[in-house]
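Asker: Residue numbering for the sequence shown follows our numbering, beginning at -9 and increasing consecutively.
For every residue, glycine included, the Cβ atom is placed at its ideal position computed from N, Cα and C.
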Amino acid sequence: LARLNSTLPQIKAMCSIPLILLMTCYVNDVLDVPLDTISDLFKSIICLTVKRHFEKNGVEMNIVSFEDVLQLCPRLIKLSQLALDGVLKDVIIFHNLELSEDDHFGLMNCISYRSAFGGVTGSYHFLHRIVQEFLAACAVKQLP
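#1: Closest to residue 70 by C-alpha separation, out of 132, 5 and 3, would be which residue?
#2: Scan the region 68 to 114 and note each continuous alpha helix (DSSP H) run of 4 residues or more that stays entirely inside, going in chain order.
#3: What are the start and end residues of the alpha helix (DSSP H) that includes residue 49?
#4: May I have a chain-ordered list of the alpha helix (DSSP H) segments no shorter than 4 residues that lie completely inside the region 0 to 49?
#5: Sort 39, 25 and 72 by Cα distance to residue 127 and report the nearest one.
#6: Please list, in chain order, all residues of the same chain as residue 13 whose beta carbon is under 7 Å from its beta carbon, the five residues on each side excluded.
#7: Using only alpha-carbon positions, find the residue among 114, 18, 109 and 15 that is nearest to residue 96.
#8: Going by other Cβ atoms of all chains shown within 10 Å of its Cβ, with 16 needed for buried, is residue 53 buried or exposed?
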């Protein structure tokens, strides 16, 4: 990280936020990809998360770039749209979604709870608000 800090001043600026520092250290340790912008960092985090999701489910995927994720996971575009809708409505917990584990690629968590009538219901949230905001930005980029 010290090497990155000395060669890329934007990395130093990004790392003033503890979560960004942690994510940068993790990506730098696991992947050997250049991080020139905060978008590069988030793309790498998405790649690692989706790759881990598939490995956890016994599926080996060759995910090297964010473009690989988009190609292998076309439903990610719908997830990005959900993220954008949430940002626009200031929503971080999504109720009444019909999602399977394969629909969120490990980028969301399910909160299951028992209703007053005894039924089990699930609500979803993105791993972190920053993931939701990045996916929302991807959805904005896709707009005509």
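Answerer: Straight from the coordinates:
#1: 132
#2: 91 to 94
#3: Here residue 49 belongs to no alpha helix (DSSP H), and DSSP marks it neither H nor E.
#4: Fully enclosed alpha helix (DSSP H) runs of 4 or longer: 8 to 20 and 28 to 46.
#5: Of the candidates 39, 25 and 72, the residue whose Cα lies closest to the Cα of residue 127 is 72.
#6: 31 and 35
#7: For residue 96, the closest alpha carbon among the candidates 114, 18, 109 and 15 is that of 114.
#8: buried
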